[in-house]
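Colleague: Let me begin by handing over the structure; questions about it come next.
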Amino acid sequence: MIGSPARNRRAYVNAHVLAPLQGLNGPGGILVEDGWILAVGKSVTRESVGATSTVIDCKGRLLIPGLVDMRVFTGEPGSEYRETLASASEAAAAGGVTTIIVMPNTQPVIDDAAIVDYVLRRARDTAQVRVAPMAAITKGLAGEQMAEIGLLRRAGAVAVTDAVKAVSNANLFRRALMYARDCDLLVVGHAEEPSLSGGVMNAGEAASRLGLSGNPAMSEVIMLERDLRLVEMTGARYHVAQVSSALSLDVIRRAKDKGLPVTCGVSIHHLVLNETDIGAYRTFFKLAPPLRSEDDRRALVAAVADGTIDVIVSSHDPQSDDTKRLPFAEAAFGAIGLETMLSSALGLSANENIPLPRLVEALSQRPASILGLEQGRLQPGAPADFAIVDPQLSWTVEDAALRSRSKNSPYEHRTLEGHAVETVVAGRTVYEYAG
């Protein structure tokens, strides 16, 4: 529960401050008061902050902007047994995430200003981190009638998307782009051509060997090509929620070279895992879009490093045992990821040579910039949302320790390196690592 910011002055000193867009990458600290940053950088020391400040020694650990996760599915309203805003926020805080952007495919769908208001009020009352909703492009996510985009914007929606569905009607999507452009609202697209994407895993040799239906990467490319042509026609700001293949990256690069207002994201799962991880029909690895080949995974990693991919998301999608512990073809898509995203990203820095500043930018500052949020910055006058991270802290992903109501993590029983030891939102500590 964020409520009013904590009214005290605290100084975090002896940290390694890393905020690439502010040019910070070295020893220093941060001074906060009443939920806002007063000072940050090497000038913030135990000696400089004065006797009136509570001083916390970070012991040389990383101090980074709080992560901003652009793709979080919850069950509230309608399916609270899967996840509530409260439980999702607890999971987020444990993962160093200070802002979650929730998807509109709830029950009822977030396609009306009153439902946007409900989500925001519930978040203020129950959530430990900041919560902002994306609203639906079409009524009921049915792809037939456009939602009231202007009213949704005024109610507090930070973007519009049909979540796990593409708007297959090209004329309807063109109109939505035009309305969103006039409202200066981001449109987030799901890149899957419906008639090609009926499979349950990546089309290829692995799917044939397992006897499972395949979803080809071309389904992503075809929808992406169509969407980007409409973006070129309308000039609307467009974000691809997730890309999963090397072919899609070629399309994104061409669009950016043209100067189109296009950004894209990738889930942390697609950067760390590939189709072979499915192994003997392990349903916690059944994702949408599906995990692709190792060549695709490597291409995605390289695209994060060079900036072609703008943001990394958890794609946190809680599912119950009833829908996951089934034969692979029948199991629901999705995996949780709020608590493991930061640790997995730190692994990419250690093992895949992605510079840590680039990862921090993709996890915090870049998504905040795309969405027009004031979070994601470490500078005087910005909200005091940040995380203290120990990159060497080892921990094992076990059901009992996960804060999400659902436990469908593809990393179950895996030991990860790196964890948030303290997460701060509006100047208030919302999580401390207890071991």
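Residues 88 to 522 in the working numbering are what the sequence shown spells out, letter by letter. Note that beta-carbon positions come from the ideal geometry of N, C-alpha and C, so glycine has one too.
#1: Nearest to Leu446 by alpha carbon, out of Val245, Pro107 and Glu499?
#2: What are the residues that DSSP puts in a beta bridge with Gly276?
#3: What is the DSSP secondary structure of Ala93, reduced to helix, strand or coil?
#4: Grouping DSSP H, G and I as helix and E and B as strand, with all else coil, what is Glu417?
#5: Got a sec? Which residues, its chain only, sit under 8 Å from Gly468 by beta carbon, not counting five neighbours each side?
#6: Mapping DSSP to helix, strand and coil, what is Met88?
#7: Less than 8 Å between C-beta atoms, sequence neighbours within five positions excluded: which residues of the same chain meet that for Gly434?
#8: For a test of the three-state rule: what should DSSP assign to Ile309, helix, strand or coil?
#9: Which same chain residues end up closer than 6 Å to Leu458 when comparing Cβ atoms and leaving out the 5 residues on each side of it in sequence?
#10: Among residues of its own chain, excluding the 5 on either side of Ala222, which ones have a beta-carbon nearer than 7 Å to its beta-carbon?
#11: Is the beta carbon of Glu163 sitting closer than 7 Å to the one on Leu172?
#12: Taking only the alpha-carbon atoms, compute the straight-line gap between Ile263 and Gly298 and give it to the nearest angstrom.
#13: Which word fits Asn495, buried or exposed, when buried means at least 16 other C-beta atoms lie within 10 angstroms of its C-beta?
#14: Less than 7 Å separating the beta-carbons of Val159 and Pro454?
#15: If we count the other Cβ atoms within 10 Å of its Cβ and call it buried at 16 or more, is Thr427 buried or exposed?
#16: May I have the straight-line CA-CA distance separating Ser176 from Glu170, to the nearest angstrom?
#17: Out of Pro414, Met157, Gly165 and Lys373, state which residue places its alpha-carbon closest to the alpha-carbon of Gly421.
#18: Please name the residue or residues paired with Asp477 in a DSSP beta bridge.
#19: Which residues in the same chain have their Cβ closer than 6 Å to the Cβ of Tyr368, if we skip the five residues on either side of it in sequence?
#20: Counting only the same chain and skipping the five closest in sequence on each side, list residues whose C-beta sits under 6 Å from that of Ser354.
#21: Taking DSSP as the reference, what is the three-state secondary structure of Asp472?
#22: What residues match up with Cys145 in a beta bridge as DSSP calls it?
#23: Going by the CB atoms, is the gap between Ser451 and Pro152 shorter than 7 Å?
#24: Quick check on DSSP: helix, strand or coil for Pro376?
#25: Between which two residues does the beta strand (DSSP E) holding Pro114 run?
#26: Enumerate in chain order the residues of its own chain whose CB-to-CB distance from Leu541 is below 8 Å, with the five nearest sequence positions on each side excluded.
#27: What is the DSSP secondary structure of Arg217, counted as helix, strand or coil?
#28: Three-state secondary structure (DSSP) at Ala106?
#29: Helix or strand or just coil, what does DSSP make of Ser354?
#30: Can you give me the Cβ contacts of Gln109 inside the same chain, cut-off strictly under 6 Å, excluding the 5 residues immediately before and after it?
#31: Expressed to the nearest angstrom, what Euclidean distance is found between the alpha-carbon atoms of Cys351 and Arg97?
Modeller: In short, the structure shows the following:
#1: Put simply, of Val245, Pro107 and Glu499 the residue whose alpha carbon is nearest the alpha carbon of Leu446 is Pro107.
#2: Secondary-structure assignment with DSSP links Gly276 through a beta bridge to Val327.
#3: Bear in mind that the predicted position of Ala93 carries a pLDDT of just 47, short of 50, making it too unreliable to give a figure here.
#4: Helix.
#5: Contacts found: Trp123 and Ile124.
#6: The predicted position of Met88 is uncertain, since its pLDDT is 47 and thus under 50; a value taken from the coordinates is nonetheless stated next. The three-state reading of DSSP puts Met88 in coil, since its state is none of H, G, I, E or B.
#7: Cβ neighbours of Gly434 within its own chain (closer than 8 Å, five residues either side excluded): Val359, Leu503, Glu504 and Gly505.
#8: DSSP places Ile309 in helix when its eight states are reduced to three.
#9: Only Val245 meet the Cβ criterion.
#10: Cβ neighbours of Ala222 beyond the five flanking positions: Pro191, Ile197, Asp198, Val203, Ala234, Leu239, Ala244 and Val247.
#11: Yes, the Cβ-Cβ distance between Glu163 and Leu172 is below 7 Å.
#12: Looking at the sequence provided, one finds Ala at residue 263 rather than Ile. Rounded to the nearest angstrom, the two C-alpha atoms are 39 Å apart.
#13: Buried is the call here.
#14: Val159 is not a Cβ neighbour of Pro454, given a cutoff of 7 Å.
#15: Counting Cβ neighbours within 10 Å, Thr427 comes out buried, since at least 16 surround it.
#16: Taking the CA atoms as reference points, Ser176 sits about 10 Å from Glu170.
#17: Comparing alpha carbon positions, the residue from Pro414, Met157, Gly165 and Lys373 closest to Gly421 is Lys373.
#18: DSSP output for Asp477 lists His506 as bridge partner(s).
#19: Hits under 6 Å: Phe415.
#20: Counting only Cβ-Cβ distances below 6 Å, and skipping sequence neighbours, we find Gln329, Val400 and Ser402.
#21: Looking at Asp472 - three-state DSSP - the assignment turns out to be coil, as it is neither helix nor strand.
#22: Per DSSP, none; premise fails for Cys145.
#23: Taking 7 Å as the Cβ cut-off, Pro152 and Ser451 qualify as a contacting pair.
#24: Under the three-state reduction of DSSP, Pro376 is assigned to coil, being neither helix nor strand.
#25: Boundaries of the beta strand (DSSP E) around Pro114: Leu111 to Glu120.
#26: Within the shown structure, residues of the chain are numbered from 88 to 522, placing residue 541 beyond reach of any answer.
#27: Looking at Arg217 - three-state DSSP - the assignment turns out to be strand.
#28: Of the three classes helix, strand and coil, the one that applies to Ala106 here is strand, per DSSP.
#29: Strand, per DSSP.
#30: Excluding positions up to five away in sequence, the list reads Leu465 and Gln466.
#31: Each residue's Cα considered, the two are about 36 Å apart.
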